[in-house]
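There are 4 protein chains.
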Amino acid sequence: MDHVRHMFEHDLFAKHAGIELISVSPGQATAKMSLQPWHLNGVNTVQGGAIFTLADFAFAAAANSRDKVAVAVNVSITFMKAATTGTLTAEAREVALNPKLGTYTVNVTDEQGSLIAIFQGLAYRKS
Amino acid sequence: MDHVRHMFEHDLFAKHAGIELISVSPGQATAKMSLQPWHLNGVNTVQGGAIFTLADFAFAAAANSRDKVAVAVNVSITFMKAATTGTLTAEAREVALNPKLGTYTVNVTDEQGSLIAIFQGLAYRKS
Amino acid sequence: MDHVRHMFEHDLFAKHAGIELISVSPGQATAKMSLQPWHLNGVNTVQGGAIFTLADFAFAAAANSRDKVAVAVNVSITFMKAATTGTLTAEAREVALNPKLGTYTVNVTDEQGSLIAIFQGLAYRKS
Amino acid sequence: MDHVRHMFEHDLFAKHAGIELISVSPGQATAKMSLQPWHLNGVNTVQGGAIFTLADFAFAAAANSRDKVAVAVNVSITFMKAATTGTLTAEAREVALNPKLGTYTVNVTDEQGSLIAIFQGLAYRKS
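Chains as they are written, first to last, in the numbering used here: chain D, 7 to 133; chain R, 7 to 133; chain P, 7 to 133; chain B, 7 to 133.
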């Protein structure tokens with residue numbers, strides 16, 4: 007998993023967004039984002055882009071936890087509940103894998119365990 | 007459109023991500039993001055979360071350009087091409103509208119006009 | 007669950023597609039489709055529309071298993087593997103629920119348990 | 007376009023669903039479905055699976071109108087309005103193309119030109 011850790015330590019936008027990789031193992035990854043005032047949008051809830059960035063980061067870590075480099079091709083995200091403070095957690099897990107494509111589901115939850123967003127990502131695996 | 011401009015001037019995460027609202031009119035909006043080194047991921051291309059945040063911002067501006075407050079419920083984004091430098095532009099346009107739901111397509115292009123990502127957003131319109 | 011069973015017994019297109027509702031309970035439903043030659047497309051694999059119809063039917067049953075009428079607003083489906091013969095099974099389960107929206111994941115598998123498609127559906131709950 | 011026509015003339019599920027390919031040219035395709043009582047669901051509107059099948063068929067025709075065989079990997083569909091009678095039309099057009107992936111948008115409209123569903127499909131292009 008060292009190559010994954012290395013890749014994600016050099017992800018400057020994730021750093022800029024205050025995201026931290028907590029763990030990664032084959033087909034799984036967890037990331038966190040401690041909410042700051044600058045994560046909010048004009049109606050004082052966490053901006054959708056910040057939530058997406060957290061989920062996408064966990065997805066990318068999980069997708070690259072295997073033997074091939076994987077790049078996101080399509081993502082669908084559903085926002086279930088607004089978040090405002092505390093720490094958000096994204097847990098990515100592989101739901102299907104074939105030589106060319108991997109599919110991952112990421113749940114983003116708040117500190118109370120409430121589901122904030124569900125993210126489904128499809129990654130293309132380079133040969 | 008003043009309420010939309012006001013809402014987006016107070017979007018702190020969009021500011022943090024270096025995004026600027028260029029124009030908004032009923033059912034349409036354009037936003038830009040001038041790429042900086044901190045927009046990049048661990049493989050030196052623009053991070054997916056940054057591209058999403060730009061597209062989502064244009065989507066939210068277009069969705070709120072009507073008489074009702076609209077919140078994103080579901081978004082699907084397809085990444086077509088990696089971007090590295092220059093300025094990215096997101097153009098959102100309404101493709102369907104009913105009393106409860108609005109659907110928007112956002113094209114994200116680079117300075118050469120190449121399509122970087124296609125974003126389709128569904129917004130729930132509050133009464 | 008009788009109103010759900012009644013609704014689905016009158017779903018003529020599902021009948022036309024050879025789909026059968028196996029079980030429904032709050033937040034969950036299972037449906038099956040025994041493959042026939044007319045489920046195939048021009049390259050002799052099960053047509054995507056047939057797989058979608060099966061998954062969508064299980065989703066609709068699960069979404070209507072609660073106290074409100076729910077209608078599909080957005081669905082994302084990822085096709086993982088081609089299917090050709092046997093019986094396909096779709097299992098829908100609720101992953102999130104709030105007063106207005108419900109989110110469901112449906113796994114479509116073949117007789118060997120291989121994942122054929124993953125479906126994520128968002129339903130609007132009428133008041 | 008003869009190979010596309012041939013492929014779609016042998017699509018048995020599309021035939022079973024009453025779908026007709028109207029036209030195909032590079033990057034575009036149009037299909038129609040004349041609604042019959044058996045296209046309806048348990049609440050007497052056109053079943054989502056029937057609408058998807060129509061849109062998916064136009065998508066597949068457009069995606070295969072180029073020099074490579076293309077298979078659907080991911081689709082997102084948003085249902086905007088219920089349909090009941092008449093003929094539905096699906097118009098697919100290519101919005102982006104690279105050597106591995108093509109993206110297509112399909113609009114499904116009724117006889118009055120109202121938008122019934124918007125479909126966005128991603129196809130993997132085999133080499």
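Beta carbons are placed, not taken as given, at the ideal position from N, Cα and C, and that holds for glycine. The structure presented is a predicted model; accordingly, all values stated were derived computationally and were not measured.
Do residue j and residue i have their beta-carbon atoms positioned less than 8 Å apart in this structure?
i	j	result
P/Val77	P/Gln126	no
R/Ile27	R/Leu60	At residue 27 of chain R the sequence reads Leu, which differs from the Ile that was named. The answer is no: Cβ separation not under 8 Å.
R/Gly108	R/Ala69	yes
P/Thr115	P/Thr90	no
B/Gly92	P/Asp17	no
R/Phe105	R/Arg131	Looking at the sequence shown, residue 105 of chain R is not Phe but Pro. In contact: R/Pro105 and R/Arg131 (Cβ atoms closer than 8 Å).
D/Ile57	D/Ala123	yes
D/Ala35	D/Ala67	yes
D/Asp62	R/Gly55	yes
R/Arg99	R/Thr111	yes
P/Ala96	P/Ala20	no
D/Trp44	R/His12	no
P/Ala102	D/Met86	yes
Under 8 Å between beta-carbons, which chain P residues line up against residue i? List them in chain order, please.
i	result
R/Leu107	Val79, Tyr130
Could you tell me which residues DSSP puts in a beta bridge with residue i?
i	result
P/Phe85	P/Ala123
P/Arg131	P/Ala76
B/Ile28	B/Ile28 is not bridged to any residue.
B/Leu18	According to DSSP, B/Leu18 bridges with nothing at all.
R/Met13	In the DSSP output, where bridge partners are listed per residue, R/Met13 has none listed.
D/Thr36	D/Ser29, D/Glu97
R/Ala102	R/Thr109
D/Thr115	D/Thr95, D/Leu121
Step through the CB atoms of chain A and report whether any lies within less than 8 Å of the CB of residue i.
i	result
P/Met39	Absent from the structure: chain A. Protein chains present are D, R, P and B.
Check the Cβ of residue i against every Cβ in chain P and list those closer than 7 Å, keeping chain order.
i	result
R/Ser82	Ser82
Which chain D residues are close to residue i, counting only those with a beta carbon under 9 Å from its beta carbon?
i	result
P/Ile124	Val101, Ala102, Thr109, Thr111, Gln126
Counting only Cβ pairs nearer than 7 Å, list the residues of chain D close to residue i.
i	result
R/Gly48	Met13, Phe14, His16, Asp17
R/Ala23	Gly55
Going along chain R, which residues have a C-beta under 9 Å from residue i?
i	result
B/Lys87	Ala102, Asn104
D/Asp62	Gln53, Gly54, Gly55, Phe58
Given that residue i touches chain B, what residues does it touch there, using C-beta distances under 9 Å?
i	result
R/Leu121	Val101, Ala102, Thr109
P/Ala20	Asn47, Gly48, Gln53, Gly55
Could you list which residues in chain D have their beta carbon closer than 8 Å to that of residue i, in chain order?
i	result
R/Pro3	This structure cannot settle anything about residue 3 of chain R, because the visible part of chain R is limited to 7 through 133.
Which ranges would you report for the beta strand (DSSP E) in the region 45-71 of chain B if only whole runs of at least 3 residues count?
none
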